[in-house]
Amino acid sequence: MSDELKERFDKVKDQISEEEFFERMEKFRQREIDNPFMTDTSLADMVVGELVTEEPEIVSEKPEFAVDTIDKLEANSRDTTVAGRVISISHPRSFKTRKGQNGQVQNVELKDNTGEIRAVFWTQNIKLLRNVKEGDIIQIKNVDIKEGYSGLEANLRQRSVLVHLEEDLSKFPAYEEEITKIADIEPETKVNIIARIIRIPTIRSYEKNGKEGKVASLELQDDSGQISYTLWNNNVELIDELKLEDGDTVKILQAQARERPNRDGENEITLTHWDGRIIKGDYDVPEIQQEFLPIGDLSEQKDVSIIGVVSRLQDIRIFTRKTDNTEGKLRNFDVRDSTGEIRVTVWGDDTGIAINKGDFIKVIGGDVRYDQYTQSQYSMNTNFNTQITVNPENLSIEKIDELDAIRNELHPVSIGEIQFDYDEDGIEIDIIGRILSLEEPREFQRDDSTVGIVRSALFADESGKVRLSFWNEKAEGDYEVGEAYRIENARTRLGMYSVDLNIGGGSRIIRLSEEQASAMFIPELATLEKAIYDYKKIEDLDEDEEDTIIIGRVIELNEIRNFDRDNGDTGSVRNIEIADDTGSIRVVLWDNDAKKDLEMGQPLKLQNPRLSLDMDNRLQATVSGGTTVLEPSEKELEDLPSQDELMESIFVAKSIESLTEDDTNVHITARIKEVYPDKILLKRCPNCRESVEDSEDEYICDNCGHTFDEPKYTLMIPTRVEDDTGEIPVTFFGNLAEELIDMSQEEVISIIEDEGYGIEDKIEDLVNMTIEIIANVSFNEYSEEFRLNPKKLLKKYY
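Counting in our numbering, the sequence shown tops out at residue 1369, every number present.
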C-alpha cells in the first residue's frame, strides 16, 4: 500500500478492514470505468468520502500559503496557486473526450480584492468541491493559467490540491447572497433570485453554424413579477437531474440578465443560465394556483391549461410546409377528464415526447379553437411556450383517483366480444393478440383513379380471431406471423358473415416484446392455434372444412409456373404434395408462397388452407390469403414419419389389375406396349392455356376468344402400358415426357417445325421399354376405362 493510500485508509480503518477498503475502491473503479482521469488515490478519496464527513480544514496565512493576487496571474503560467472567495459554483456538465470517453467539468468563480477568475474543475477534481459552497475562501495549488472565453481561467491538474482559508476582508471581498426581486432586475447584470416555477415548456432543438443545440425556457414568478429563465444545450438536462416541475420553488444563483426584443418587438428582460446554480428547495414564495379548466367547459380561448388521461393517440405525421417546402411533424392525441374529451395537436420536437395511451398528462398554455371535425367541436393547439408533462408527480390524491377511473375504462377489447357486442360500422376499439396469417399487399384503384394498397391478416387472442384490413401506409408495415401486437383505434366494419376491423391512418400498431405479451396474458402462438384450429390428419380432411392445421412432409415438388394476370402483373403457381402417416394431399401454392425454397422431405405446417376438390375429384389444399405456411415445432414433428418411411407407405406397389379409381401415388412397373407419335405437341392458348386447333394463319381461342400468332406448346407422349395382369393408357406431359425420350421440348419443336420432319422413330423406339412410375388413377368416361396420370418417372430400361 502506497503512502497516499495508507493516509486515506487510516481515516476509515476504525470502520472497515483493509480488504473491504480495496473492495470498495474496486467497485468505484468499475463505476468510473469510462473516466480517463481516475487514479487509485481518487478512488480511495471516494471511499473515504462515502464513510467520513470531513469538515474542511481552514489554514492560516502562513508563508507556505501566500499567493499572488488574481490581477498578477499571467496566461500560460504553470503550477500556479490561486486563491479567492467563491462567488458562484456551476452544475457539473458532461462531455465526450476526443477518444469517445465520458468526462465532466464544473466551473467556480473566484474573487479577491484585485479581480476575478474562473477555476475549471475536471472529472478527477470535482470531488474537491464536496465541502465547498458559495462564500467560502479557498486556495487551489498546482493549476495552469490559460486564456478562456471571457478572460483568464485556472485549470486544475490531476494533482491539484484545494484548501480552505481563513476569513480575511483585507484580501477578499465580503460575500452577500443578495436576492433580487424579479421586478428589480436590471439588464447586463448577474443576479440571485428566489421564485416559483410556473411553466416548463418542452426542450427545443435548433441548428446554428451546422451544429445542433437544445434550449428550454422556464417561466418563473415571485411576488413582484414574472420572467423567463433560459437553459442552453447540456444545461437543459438539469430539468430532469433536479426533477423540476411546475409549482417547485428554486433559488437561482448568478443568473445573467439580458434585454432583448421579444416576438412582439418590445424589449424584454430575460435570464440565462451559464455558470450559476439552481437549488431546489422550500422557499418563501407566494403560492400560485394554476387554473386547470374542465375539458367539458372549454371554448375558444388562448393560454388554457388542462389535466387528463391520454384516451387516443395517433402516429406522428410528416408534412411539407407550403411556405418554404421544409419538412414538419405533427401528432394528435385526445385527452379526457370526467367532463369531456378534446384533441390536442403537438408540433416539431414535441412529437418526440414519449406518450402512451392511458398516460396522465398535463398541458399548460394551449390554445383552444373551434374544430368541426372533432366530436367535441373544439381542439387544442400547442406552441413553443406550452408545457406538456407526462405522468406528473405533483397531482392531488383526488385528481389521481379521478384519472385512474378514466384510465381503467381504456382497456383493450377481447376479440371474442367483437362479433357480439359491436354490431355497427365505425366503432373504434383497441385489441391485443398475435397475427395468425398475413396476406401479401394488394393494389386497388380508387374512384379518383389514385392507387391504394390493402393487406389482410387474421388476428387472435384466447377468445377468438378477427380479420384485419391494413390500408395504405399501414399495409406496408413490417409484420410477422406469430408476433404479438397492440392495435389501437381499429374501426369495426360489418362484413357479410362477421365483423372485421379496418386499420387505417388513425390506427396505431405497436409490436410487443415477449415479456410485454406475457405481462398482458397474451398466449403463445402454439396455444392460440390449439384453441382456434383443429389439427387434422390428411385422411380425415373434408371438402370446404375450415380452421384446420395440416402437418406433413414434402414428397413431390413441381416446377413453378408463371402467368400473366388481367392487370398486367405476373403471378406464380406451384403444385406440391405433402404426406403424413395417413395419406397425402396436393397443395397449391400461389405467388410468394410458390417462390419459397422448398426441399423434398421438408416438413410444413399449413394453417387454415382452403380444402376443395380438383378436376379429378380429389381433395386438394390451396394456400390462399387466409393460409399461413409455417415450420412445425419439434413437438409437432414427434409423430411425423421420416421421408423414407413416408415414401415406403405412400408409394405402394400395385399391379394394373388391382388398380381402383381412388388410387393415388401407386407404384407401377410396366412395359410400354403402344405409342401414338402422330400428335406429340399440344398447342395451347397463351392466355387461358386451353387447347387450340391447328391454323395456317393466326390462332383464335374458342374458349376465351384470344387472338395470337404463336401458341404455347406442351410436349405430350400418349402410351399404353401392360404388365402380367392387364394394360392401361398413360400419357406423359412436359418434364416427364422430356425425361422419357431424353429430349427437351425445344429440341422436339425444332425438329418438327424447322427441319420439316417428325420424330416418329424416336417415339416408336419406346415400345417394349420397361418403366417404373408413380401415378394417380382416374376414370376416362369417354373410353370407359381407367387411366394413369404419371407424377414421377423412377426408372426406365429395356
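Just so it is clear, CB atoms sit at the ideal spot from N, CA and C, and this is done for glycine as well.
Keep in mind it's a predicted model, so treat the numbers as computed, not measured.
Given V807 as reference, the closest of S1354, S665, E1264 and K1107 once Cα atoms are compared: Nearest C-alpha to V807: S665.
With E1269 and T1278 assumed to form a contact (beta carbons below 8 Å), what rounded beta-carbon distance in angstroms separates them? Between T1278 and E1269 the Cβ distance is about 6 Å, and since that is below 8 Å, they are a contact.
Name the residue from E705, D1280 and V732 whose alpha carbon lies nearest to the alpha carbon of D715. Out of E705, D1280 and V732, V732 has the C-alpha closest to the C-alpha of D715.
Close-in-space but distant-in-sequence residues of the same chain around I1147 (CB under 8 Å, 5 per side omitted): Cβ-Cβ distances below 8 Å link I1147 to V1125, E1127, L1128, N1129, R1157, V1158, L1160 and L1169 in the same chain, with the five nearest sequence neighbours on each side left out; the list follows chain order.
Three-state secondary structure assigned by DSSP to M1287: Shown here, M1287 sits in a strand according to DSSP, grouped into three states.
Buried/exposed call for G706, threshold 16 Cβ in 10 Å: Per the 10 Å Cβ criterion, exposed.
Cutoff 7 Å; reference F1271; Cβ partners in own chain excluding five residues on either side: Checking the sequence shown, residue 1271 turns out to be Ile, not Phe. Only T1278 meet the Cβ criterion.
Contact defined as beta carbons within less than 8 Å: I believe A529 pairs with F1041. What is the distance between those atoms, to the nearest angstrom? For residue 529 there is no data in the structure shown, the boundaries of the chain being 572 and 1369.
Nonlocal neighbours in the same chain, by C-beta distance under 6 Å from G1154, ignoring five residues either side: Excluding the 5 residues flanking it on each side, G1154 has same chain C-beta neighbours closer than 6 Å at I1109 and E1110, in chain order.
Give a yes or no on whether 8 Å exceeds the smallest Cβ distance from Q1173 to chain C. Protein chains in the displayed structure number just one, and chain C is not present.
State the Cα-Cα distance for the pair Y993 and S1069, rounded to the nearest angstrom. Going by the C-alpha atoms only, they are around 10 Å apart.
W693 versus G852: straight-line alpha-carbon distance, rounded: W693 and G852: Cα-Cα distance of roughly 27 Å.
So within the region 693 to 751, which uninterrupted alpha helix (DSSP H) runs reach at least 4 residues, ignoring any that extend past its ends? Listed in chain order, nothing qualifies, since the region 693 to 751 has no complete alpha helix (DSSP H) run of 4 or more residues.
Start-end ranges of the alpha helix (DSSP H) lying completely within the region 1204 to 1276, minimum 4 residues: The alpha helix (DSSP H) runs of length 4 or more contained entirely in the region 1204 to 1276 are, from start to end of the chain, 1214 to 1221.
Classify F1357 as helix, strand or coil using the three-state DSSP reduction. Of the three classes helix, strand and coil, the one that applies to F1357 here is strand, per DSSP.
If I follow the unbroken beta strand (DSSP E) through S1089, where does it start and stop? DSSP places S1089 outside any beta strand (DSSP E); the residue lies instead in the alpha helix (DSSP H), whose first and last residues are E1085 to A1090.
Under 8 Å Cβ to Cβ from F1015, same chain only, skipping five residues before and after it: list those, please. The answer, listed in chain order, is V1022, G1023, I1024 and V1025.
Which two residues bound the contiguous alpha helix (DSSP H) that contains I1393? Nothing about residue 1393 can be reported from this structure: the residues present for the chain run from 572 to 1369 only.
For the region 1119 to 1183, list the alpha helix (DSSP H) runs that are entirely contained and at least 4 residues long, ordered along the chain. Those alpha helix (DSSP H) runs which fall completely within the region 1119 to 1183 and span 4+ residues are 1162 to 1165.
Can you give the Cα-Cα distance for K1367 and D1295, rounded to whole angstroms? Taking the straight line from one Cα to the other gives about 18 Å.
Checking 8 Å against the spacing of the C-beta atoms, do E1114 and L1182 come in under that value? Yes; because the gap between Cβ atoms is below 8 Å, this pair is in contact.
Can you tell me which of E687, Q827, Q1191 and E1310 puts its alpha carbon nearest to the alpha carbon of I1334? Of E687, Q827, Q1191 and E1310, the smallest CA-CA separation from I1334 is found for E1310.
Using 10 angstroms around the beta-carbon of C1256, count the other beta-carbons present and answer buried if the total reaches 16, otherwise exposed. Its Cβ being crowded by 16 or more others within 10 Å, C1256 is buried.
Contacting residues, own chain, Cβ-Cβ under 8 Å from P634 (five flanking each side not counted): Only weak support is given to the placement of P634: the predicted model assigns it a pLDDT of 49, under 50, and the question is left unresolved by the model.
Secondary structure at K1362, three-state DSSP: helix, strand or coil? DSSP, reduced to helix, strand and coil, places K1362 within a strand of the structure shown.
Please check the pair K822 and I859, which I expect to be a contact at CB under 8 Å, by giving their CB distance rounded to whole angstroms. The Cβ separation is near 17 Å, so there is no contact.
Pull up the CB-CB distance for I711 and A690, whole angstroms please, since I reckon it's below 8 Å. Between I711 and A690, the beta carbon gap of about 6 Å places them in contact (Cβ cut-off 8 Å).
Which residue from I1251, T760 and G655 puts its Cα closest to that of R1323? A small correction: the amino acid at residue 1323 is Ile; Arg does not occupy that position in the sequence shown. When only C-alpha atoms are compared, the closest one is I1251.
For N956, does the three-state DSSP call read helix, strand or coil? Coil at N956, not helix or strand.
Starting from the C-beta of D1336, find all residues in its chain whose C-beta is less than 7 Å away, skip the five residues before and the five after it, and write them out in chain order. Contacts found: none.
Helix, strand or coil at K1045 according to DSSP, with G and I counted as helix: K1045: helix per DSSP, three-state reduction.
N-terminal and C-terminal residue of the alpha helix (DSSP H) that D793 is part of: For D793, no alpha helix (DSSP H) run applies; the uninterrupted beta strand (DSSP E) run containing it begins and ends at K782 to D793, by DSSP.
Assess, as a yes-or-no matter, whether the region 926 to 939 is touched by the region 867 to 885 under the definition of 3 or more beta carbon pairs within less than 8 Å. Yes, the region 867 to 885 touches the region 926 to 939.
Among L1096, E1281, Q586 and S573, nearest to G1035 - alpha-carbon criterion: It is L1096 whose Cα lies nearest to the Cα of G1035.
Residues in the same chain with beta-carbon distance under 8 Å from Y941, minus the five sequence neighbours each way, listed in chain order, please. E871, Q948 and Y949.
State the DSSP-derived secondary structure class of N1351, mapped to helix, strand or coil. Looking at N1351 - three-state DSSP - the assignment turns out to be strand.
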